[in-house]
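Undergrad: Heads up, my numbering is the position in the sequence shown plus 851, with the first residue counted as 1.
A virtual CB, placed ideally from N, CA and C, is assigned to each residue, including glycine.
I have a structure here, written as structure tokens, and I will follow up with some questions on it.
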Amino acid sequence: METNERSEIHSDSLYELPKYPHCAIICGQTGCGKTEFVLDLLEGEYSGVFKYIVILCPTIQWNKAYKNREWIGDVRKPKTKNLIIVNPIVEVREANGSLYEEEKLQELLRVFFKKYAGHPTLYIIDDCSATKELTKKKDMLSELAFSGRHAEQSVWVISQRYNSVLKI
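Pasting the structure below:
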């Protein structure tokens, strides 16, 4: 199915999708097209709705859905001006020289929330829901879910398992 055909299917839906700040969970099995669906929405119904789009995805460099979108371009340097792509897992070097990975999702969300408060912003949290950081205390994600609308912030979580998404 071509991208245009998918967009037409979405626009023929029975319900109008919210353009005001909101939260959404996009859930489905591996390879079912969750990320493609979200990107189709951004190219269709949500085109121009958000001033900033922040994508937090630890596997983005291998995800074909992102690679196939011209408006995204190279995930290390996106073509679209107000598109921010971040891997929430960073390498940390200890004093003894050894490396380990550390999740910074909550800290990144806090920084972006402060920076973009008052501007229509969408956070796409893709392929992070089963990570350790989202299975423990979710202070910043909870704050975005409950209070983000007051700062014009929306959150979409893309997950393979509904029960791995935070329990608010």
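(1) State the Cα-Cα distance for the pair T972 and A946, rounded to the nearest angstrom.
(2) When the Cα atoms are used, what is the spatial distance from E921 to Y903?
(3) Is the segment 958–975 touching the segment 921–932 in the sense that three or more CB pairs, one from each, lie closer than 8 Å?
(4) Three or more beta-carbon pairs under 8 Å between the segment 866–884 and the segment 995–1011, yes or no?
(5) Go ahead and label I1019 buried or exposed: buried means 16 or more other beta carbons lie within 10 angstroms of its beta carbon, across all protein chains shown.
(6) Do you know how far the Cα of D978 is from the Cα of I911?
(7) Can you list, in chain order, the residues of its chain whose CB lies under 6 Å from that of Y974, leaving out five sequence neighbours each side?
(8) Please tell me whether P909 and N933 are closer than 8 Å, where the distance is taken between their beta carbons.
(9) Would DSSP call W1007 helix, strand or coil?
TA: Put simply:
(1) Along the sequence shown, one-based indexing puts residue 972 at 121. Along the sequence shown, one-based indexing puts residue 946 at 95. When rounded, the distance between both Cα atoms is 37 Å.
(2) Looking up residue 921 in the sequence shown gives position 70. Looking up residue 903 in the sequence shown gives position 52. Between E921 and Y903, the C-alpha separation is close to 17 Å.
(3) Output reads no: the segment 958–975 does not touch the segment 921–932.
(4) yes
(5) Sequence index remark: in the sequence shown, residue 1019 carries index 168 (1-based). A caution first: I1019 carries a pLDDT of 46, below 50, which makes its placement in the model too unreliable to give a value.
(6) By 1-based counting over the sequence shown, the position of residue 911 is 60. By 1-based counting over the sequence shown, the position of residue 978 is 127. Distance between the alpha carbons of I911 and D978 is about 9 Å.
(7) Walking along the sequence shown from the start, residue 974 turns up at place 123. Only V905 and V1006 meet the Cβ criterion.
(8) In the sequence shown, residue 909 corresponds to position 58, counting from 1. In the sequence shown, residue 933 corresponds to position 82, counting from 1. Cβ atoms of P909 and N933: not closer than 8 Å.
(9) By one-based count along the sequence shown, residue 1007 stands at place 156. Strand.
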